[in-house]
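Just remember that this note's numbering sits 88 ahead of the position in the sequence shown, which is counted from 1. Each residue gets a CB set at the ideal place from its N, CA and C atoms; glycine is no exception. Taking it in order: structure first as structure tokens, then the write-up.
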Amino acid sequence: MVKIQPAIVWFRDDLRLSDHPGLYEAASRGAPVVGVYVRDEQSRALKPPASRPLGGATRWWLAQSLRALRSSLEAIGGTLVLRTGPAAAVIATLAREINAGTVFWNGIAQAPHQAVAADVEAALARDGVTSEIFSGDLLVEPRAIRNKENRGLRVFTPFWRRVQGLGDPPKPLPAPKQLASISGIASEDLDDWKLEPTWPDWAGGLRESWTPGEAGAQARLKAFLDDGIKGYTDDRDRPDRDGTSRLSPHLRFGEISPRQLWYAARFTAAEHPRLAGDIDKFLSELGWREFCRHLLFDIPDLAERNLQEQFDAFPWKRDARALKAWQRGLTGYPIVDAGMRELWHTGVMHNRVRMVVASFLVKHLLIDWRAGEQWFWDTLVDADTGSNPANWQWVAGSGADAAPYFRVFNPILQGEKFDPDGGYVRRWVPELAQLPDDLIHQPWTATPIELASAGIELGKTYPQPIVDHKQGRERALAAYAKIRGKD
Ligand code: FAD
């Protein structure tokens, strides 16, 4: 009998067993399967600015997710090998060590990842090892949605119409039930990668807030579709409610696939037709993730370059003190400060509040959106190479299908509208908790008696606003007028 050569599955941002086309295919051949994750900070294509090293929060998430993946693989007889170095050299060496015949992986439609994958494929081919590459990161690959000039679409609504027009994506694949494996393969120790903070250990809030890994992702999806989806269309804008799925970091690391979300949501809509509107809205948000990634496919330097070139001449201010006040949640605007502190504690921020804090930074403080994007990159557990810069550019007005620059969010009205009882602010800015609802979003309008009875000393226990809203707005519009028409 001919002995089947072992196979390798190269995991990247797809840290799951179910709907993992590469793993599914490898397992179905019946050969022993070895999973590998490569900590690659050396491949030329991965060097900044093309691709940035992970931020602190995503490094923490990655460590948890790799542990979860390793135990799921071991539970079905498989193994996860951890190695460091340029992916091409590492994977070719591993293939030689175990005499692998084929390496399987899921493609990532991003230029730096594609360049690294091309190097891996070439290195393997030199040794006579086959590469098999699948799609699993998106509902639709970017090459399937082009305009007449063969460019990706830059406006969301027609983009999403085209995606939907293609019909259902391929059905998600089941996780393999059993893997044949090989033992005794050398692996590095995850703890030696030092992905988690030790001193100071700032990850307590992350641990409280999340269960990284595929099982955690599936449980969140189920809980959301069972209980959370009803009313999503309105509740998704309310930071004081638990109205969204909180799936973004799980999607970021591929612990769950967009196809799994698509089918689970469609199934729920078929069972409960009255939820169809909320489900369509939810899927269109998933469409934004897709849109951002398609943009990144066309524009690899999305985090560096203004998509609208007139913004290259924008008179951004360098203001380290204001930037620091914003980062720490000490701007004197309660909704902004609540958002920035939620981010620091949990590694995420509600979408509505992300828009408000981003607008505040680029408009009220006139600080370059790239400084905000970088802070988010370091502190978000869902920090995403596509969604983060695309949304920052959207808010700044410099991006594709962007909000116009002259739309300056009023942080007081945004707070009053979307956090009407102040529950969100009270949770994250506890020093304001005793203020009545009508003052909670503008403490500086309270009388000295009102402040005293809420235990607040403005300027001491909570800051005065670092910029006056009206003046900030006018200054932003004046700055914008300088670049208008410069394209
Ligand atoms: P839900 O409302 O449950 O939505 C489901 C999924 O749809 C999300 O998990 C996410 O994958 C996707 N999604 C929803 N809204 C958007 C959006 N506007 N753009 C892209 N995808 C979206 N999202 C990230 O995943 N990573 C980022 O780095 C990121 N940076 C952002 C920066 C700014 C300035 C802004 C305004 C938004 C950013 N977003 C980012 C989008 C959005 O805020 C988060 O995806 C959302 O808050 C995640 O919460 P959820 O999973 O509960 O979302």
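When the Cα of residue i is compared with those of the options, which residue comes out closest?
i, options, result
"tyrosine 320", "Ser372, Tyr351, Ser269, Ser275", "Ser372"
"glycine 195", "Asp102, Ala213, Pro136, Ser131", "Asp102"
"arginine 132", "Arg458, Ser116, Gly173", "Gly173"
"glutamate 392", "Trp457, Gly316, Thr533, Val469", "Trp457"
"aspartate 277", "Phe341, Ala151, Glu296, Leu363", "Ala151"
"glutamine 130", "Pro551, Ala484, Ile96, Pro200", "Pro200"
"leucine 161", "Ala263, Gln93, Glu113, Arg214", "Ala263"
"arginine 561", "Tyr512, His452, Ala206", "His452"
"tryptophan 287", "Val555, Gly144, Ala211", "Gly144"
"alanine 274", "Glu185, Phe385, Glu538", "Glu185"
"asparagine 476", "Ala410, Thr419, Val496, Arg377", "Arg377"
"isoleucine 92", "Lys570, Tyr112, Ser116", "Ser116"
"glycine 253", "Thr245, Lys259, Pro260", "Thr245"
"proline 553", "Pro230, Val517, Gly420", "Gly420"
"lysine 558", "Phe99, Ala211, Leu501, Asp407", "Leu501"
If I measure Cβ to Cβ from residue i and keep anything under 6 Å in the same chain, skipping five residues before and after, which residues do I get?
i, result
"valine 424", "Val445, Phe448, Pro499"
"valine 126", "Arg171, Ala175, Val178"
"phenylalanine 399", "Ser486"
"tryptophan 414", "Leu449"
"proline 120", "Pro94, Ala268, Ser269, Ile270"
"aspartate 394", "Per the sequence shown, residue 394 should be read as asparagine rather than aspartate. Counting only Cβ-Cβ distances below 6 Å, and skipping sequence neighbours, we find Asp400, Ser486."
"serine 297", "Thr434"
"glutamate 519", "Thr549, Tyr550"
Going by DSSP, which residues form a beta bridge with residue i?
i, result
"glycine 123", "Val97, Leu168"
"leucine 546", "Tyr550"
"serine 160", "Its beta-bridge partners do not exist; DSSP assigns none."
"tryptophan 193", "Trp98, Ile221"
By Cβ distance, which residues of its chain are closer than 8 Å to residue i, with the 5 residues on each side in sequence left out?
i, result
"leucine 335", "Ala305, Arg308, Leu309, Phe312, Ile344, Leu349"
"aspartate 128", "Leu134, Thr172, Gly173, Pro174, Ala175, Val178, Val204"
"aspartate 575", "Model confidence at aspartate 575 stands at a pLDDT of 47, short of 50, so the residue's coordinates are unreliable; what they give is reported in the following sentence. Taken in chain order, the residues that qualify are Gln396, Glu397, Gln398."
"leucine 154", "Leu103, Tyr125, Leu168, Leu170, Leu278"
"glutamate 284", "Arg147, Trp148, Ala151, Ala291"
"alanine 180", "Val208, Ala211, Leu212, Arg214, Asp215, Val217"
Can you have a look at residue i and say buried or exposed, based on whether 16 or more other CB atoms are within 10 angstroms of its CB?
i, result
"phenylalanine 355", "exposed"
"asparagine 235", "exposed"
"proline 422", "buried"
"phenylalanine 494", "exposed"
"proline 94", "buried"
"asparagine 187", "exposed"
"isoleucine 52", "Beyond the ends of the chain as shown, which are 89 and 575, falls residue 52; an answer cannot be given."
"aspartate 389", "exposed"
"alanine 213", "exposed"
"aspartate 225", "buried"
"threonine 332", "buried"
Might you give, ordered along the chain, the residues of its own chain that have their beta carbon closer than 7 Å to the beta carbon of residue i, omitting 5 neighbours on each side?
i, result
"glycine 375", "Trp248, Val251"
"aspartate 509", "Asp328, Asp525"
"tyrosine 112", "Leu261, Pro264"
"arginine 242", "Ala488, Asp489"
"lysine 318", "Leu363, Asp366"
Are there any heavy atoms of ligand 2 lying less than 7 Å away from the beta-carbon of residue i, as far as the coordinates show?
i, result
"serine 333", "Absence of ligand 2 is noted for the structure shown, with ligand 1 being the only ligands found."
Specify whether the region 420–439 and the region 322–334 touch according to this definition: at least 3 beta carbon pairs, one from each stretch, less than 8 Å apart.
yes
Meets three-Cβ-pair contact criterion under 8 Å: the region 268–279 and the region 160–167
yes
Does the region 285–302 come close enough to the region 185–203 to have 3 or more Cβ pairs within less than 8 Å?
no
I want to know whether the region 522–540 touches the region 358–371 - three or more CB-CB distances under 8 Å.
no
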